[in-house]
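**Student:**
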Amino acid sequence: MEKMKMESANITDMNIDKIAALFPNCITETADENGKLKKAINFEMLRAMLSEDIAEGDEAYEFTWVGKKAAIAEANRPIRKTLRPCVEESVNWDTTENLYIEGDNLEVLKLLQESYLGKVKMIYIDPPYNTGNDFIYRDDFAVSADDYAEGSGQLDEDGNRLFKNTDSNGRFHSDWCSMIYSRLMLARNLLSDDGVIFISIDDNEYDNLKKICDEVFGLTDFRSMVTVIANPGGRDYGGIAKTTEYIMIYSKSESTVLQKVPDENHIFEMKDEIGPFELRELRNRNTVFNDKNRPNLCYPFYLDPNNVDEFGLYHLALEPDENHSIKVMPLVSNGIQTVWRWGKNEKSRPNLNINVKGKKKQDGTYMIVEKYRDENVMVKNTWTDKKFRTENGSVQVRDIMGGKGIFDYPKPIEIPHLALLMSTDKDSIILDFFSGSATTAHAVMQLNAEDGGHRKFVMVQLPEKTDESSEAYKAGYKNICEIGKERIRRAGAKIKSETGADIDYGFRVLKLDDTNMQEVYYTPAETDQQMLLGFESNIKPDRTDLDLLFGCLLDWGLPLSMPYSSEQIEGVTVHTYNDGDLIACFDKAIPESVIKTIAKRQPLRVVFRDDSFADSPSKINVSEIFKMLSPDTRVKVI
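The C-terminal position of the sequence shown is numbered 1763 in the numbering used here, with every residue numbered one higher than the one before it.
#1: Given this structure, state the Cα-to-Cα distance separating Val1341 from Phe1188, to the nearest angstrom.
#2: Can you give the Cα-Cα distance for Phe1266 and Ala1196, rounded to whole angstroms?
#3: At a cut of 8 Å, does the stretch 1528-1541 reach the stretch 1425-1440 through at least three beta carbon pairs?
#4: To the nearest angstrom, how far is the alpha carbon of Val1569 from that of Val1191?
#5: What three-state label does DSSP hand Asn1159 in the structure shown?
#6: Check the DSSP bridge columns for Arg1360 and list the partner residues they point to.
#7: Quick one, which of Lys1551, Asp1735, Tyr1225 and Met1753 has its alpha-carbon nearest Lys1761's?
#8: Just verifying my parser: in three-state terms, what is the DSSP assignment at Thr1624?
#9: Can you give me the Cβ contacts of Asp1251 inside the same chain, cut-off strictly under 6 Å, excluding the 5 residues immediately before and after it?
#10: Less than 8 Å separating the beta-carbons of Thr1669 and Ile1694?
#11: Mind listing, in chain order, the continuous alpha helix (DSSP H) runs of no fewer than 4 residues lying wholly within the stretch 1452-1527?
#12: Which of the three DSSP states, helix, strand or coil, is assigned to Pro1535?
#13: Look at the alpha carbon of Thr1652 and the alpha carbon of Pro1666, and state the distance between them as a whole number of angstroms.
#14: Please name the residue in Gly1705, Asp1627, Gln1727 and Val1732 whose C-alpha comes closest to that of Asp1712.
#15: Are the beta-carbon atoms of Ser1240 and Leu1556 separated by less than 8 Å?
#16: Thinking just about the alpha-carbon of each residue, which of Lys1163, Ser1299, Trp1508 and Lys1128 is nearest to the one in Lys1194?
#17: Measuring straight from C-alpha to C-alpha, what distance separates Gln1655 and Trp1301?
#18: Three or more C-beta pairs closer than 8 Å, one from the stretch 1445-1462 and one from the stretch 1363-1377: is that the case here?
#19: Consult DSSP for Gln1238 and reduce its assignment to one of helix, strand or coil.
#20: Does the stretch 1476-1488 touch the stretch 1380-1388, meaning 3 or more C-beta pairs lie closer than 8 Å?
#21: Less than 8 Å between the C-beta atoms of Asp1638 and Lys1335, yes or no?
#22: Which same chain residues, not among the five before or five after Asn1167, have their C-beta less than 6 Å away from its C-beta?
#23: Straight-line CA distance for Val1233 to Tyr1306?
#24: Which residue comes first and which comes last in the alpha helix (DSSP H) that contains Pro1430?
#25: For Gln1586, list the residues DSSP reports as bridge partners.
#26: State yes or no: is the C-beta of Cys1338 within less than 8 Å of the C-beta of Met1304?
#27: Suppose you measure from the CA of Ile1399 to the CA of Leu1456; what does that come to, to the nearest Å?
#28: Bridge partners for Leu1556 per DSSP, in chain order?
#29: For the alpha helix (DSSP H) holding Gly1676, just list the boundary residues, first then last.
#30: Restricting to Cα atoms, I'd like to know which of Tyr1439, Trp1467 and Thr1564 is closest to Arg1410.
#31: Going straight from the alpha carbon of Lys1130 to that of Ile1354, what length do you get?
#32: Taking 6 Å as the limit between beta carbons, can you name the residues of its chain near Leu1587, skipping five residues before and five after?
#33: Can you tell me whether Ile1136 is buried or exposed, with buried defined as 16 or more other CB within 10 angstroms of its CB?
#34: Below 8 Å on the Cβ atoms is my contact criterion, and I expect Lys1377 with Ser1317 to pass it. Report the Cβ-Cβ distance as a whole number of Å.
#35: Between Ile1204 and Phe1297, what straight-line distance do the alpha-carbon atoms span, to the nearest angstrom?
#36: Mind reading off the beta-carbon distance from Ile1613 to Ala1563? Whole number of angstroms is fine, and I expect it under 8 Å.
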């Protein structure tokens, strides 16, 4: 039986597979350090396939910095980690589809590569701005742990890899670029084809972030740069009162169009049997478009002066008859024959007298109008409303958490709320891997309550310790994750009490940890036989069935938010995940009758402990049982 790999996806292998799909003749084989054959790229052949588009010499346009290649390598490097369930800190564990994940977001993003590949509709992040006072992630490739501990004094007993990136650091910008680049590489993989990412930033790394996003997402996938009036009073910035921050918006695909949102300040004053509307002239006022270059948009309507409705609007036809006797053409403006905005047969004919009517002007002549019904508007790229101000976010956290200074500079929920309206539908998955005080989770629940949605959030946050002198620490919050989880609990309770909405207020807590497996699991060929005999199991002794189940979900690329059940069959514990997507049994001795019972249920996947079977013949017997009773089931062991 096949063993599960129990490590994160190898991004390099995934990229090779993508190239293979386009250029199969460029794939070859090479031997790894153990002499095992693996797929590789024939770069000379690939170069030949792309010969007309290869940049020669050293004069190609490129954005680079010290550590960029290492950042790419780190993003591609698999890790042997897992996410361990923490039921006691969760809310509605059995039924919720929301996730709160504690851990280094680079490693968490690696673990999510298969379970959430192409499934996330929207990402919102508010990363460290690199102001000179921020703590940012310093990854393994940037500096050794010993050098880091000696140089910064920020390596704690848990191996926390945050450091204070001051402008005295010679790699001030490079370290920040490396930090964000590797994470965005992995995040892009998780976006759906129509997915969108929103990134908050200020002036310090604005230019660098734009170049990085152009490279990671593509120049043509840039959607907009939003300017937010975050502090109308302004902060001293070299003699300038800086009032703004920015939100960069990129999409996974060039064809993605951001959605219109409800116009809070506009009310339609008229309403017919279809719904509310307002009148807009059908004529295109821009004389650049005229009968010479748009002849298909220049045609007559015919109006019946005796057929008028309660709104003072007249019945129309596209051909004259005894009733429709008044011809109406687009106005001639400054000697130029203007045109309609709609083509005759494409839109005017099917909308005639439904959304297209005639209207008398004050001079007694007639015009053609459209009943405009769209109550939504395109979002502008400048957000000036006071609800977007940083101080509003502080007030919201204070009101929810019951104290001042619990979290510095939280974003108001209105920012991710508007981003959600622009980019998600009611069933979308939303990811925030710099979740901080969990503003994004709050916004997701708020919008679900407003429109009855079933959006699911995935929050990721490093459990960064709070300063012992801080208000958060004094209030009992020893790390940022404790703040985020409590904020979600309280926000959910508040929304439920105010709206009574029947939505998902829960979340599953998962914590990043080392692999569930003993080291011998990964290097059996190199392990001394006596050492092998010293291990009773491949599995670490402190791991529970639930730990193992969620480790297998990651390995098999299954979502982490689905329902599952556990039952006893002949004294053996059997776990069924999402109605048979996976059945797992981690008991050490499994009767053949139980294996047959599992096989008869015909699950898609099954996993057992490797040491559940005494020898190879026992494993062969299990394989034969599934071949007979459930031939399509994939069976693996750990």
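Where is the CB? At the ideal position from N, CA and C, for every residue including glycine. Remember, it's a predicted structure, so these values are computed and weren't measured experimentally.
**Tutor:** By the coordinates alone:
#1: 11 Å
#2: Only weak support exists for where Phe1266 lies, its pLDDT of 44 falling under 50; the coordinates are left without a value.
#3: no
#4: 38 Å
#5: In this structure, Asn1159 counts as coil in the three-state DSSP scheme.
#6: Arg1360 pairs with Lys1367.
#7: Asp1735
#8: Three-state result, Thr1624: helix.
#9: Ser1325, Lys1536 and Phe1559
#10: no
#11: 1515-1526
#12: coil
#13: Summary for Thr1652: the model assigns pLDDT 48, below 50, so the residue's position carries little reliability, and this model does not support an answer.
#14: Val1732
#15: no
#16: Ser1299
#17: Any reading at Gln1655 is ruled out, since the residue's pLDDT is 41, under 50, leaving its predicted position unreliable.
#18: Contact fails: fewer than three Cβ-Cβ distances are below 8 Å.
#19: coil
#20: no
#21: No. Outside cutoff.
#22: Cys1151 and Thr1153
#23: 15 Å
#24: Unbroken run through Pro1430 is the beta strand (DSSP E), Phe1426 to Val1433; no alpha helix (DSSP H).
#25: DSSP, once it has assigned bridges, lists Glu1227 as partnering Gln1586.
#26: no
#27: 29 Å
#28: Bridge partners of Leu1556: Ile1248 and Val1583.
#29: Asp1670 to Trp1681
#30: The candidate whose alpha carbon is nearest that of Arg1410 is Trp1467.
#31: 49 Å
#32: Asp1229
#33: Looking at its Cβ environment, which holds 16 or more other Cβ atoms inside 10 Å, Ile1136 is buried.
#34: 7 Å
#35: 27 Å
#36: 5 Å
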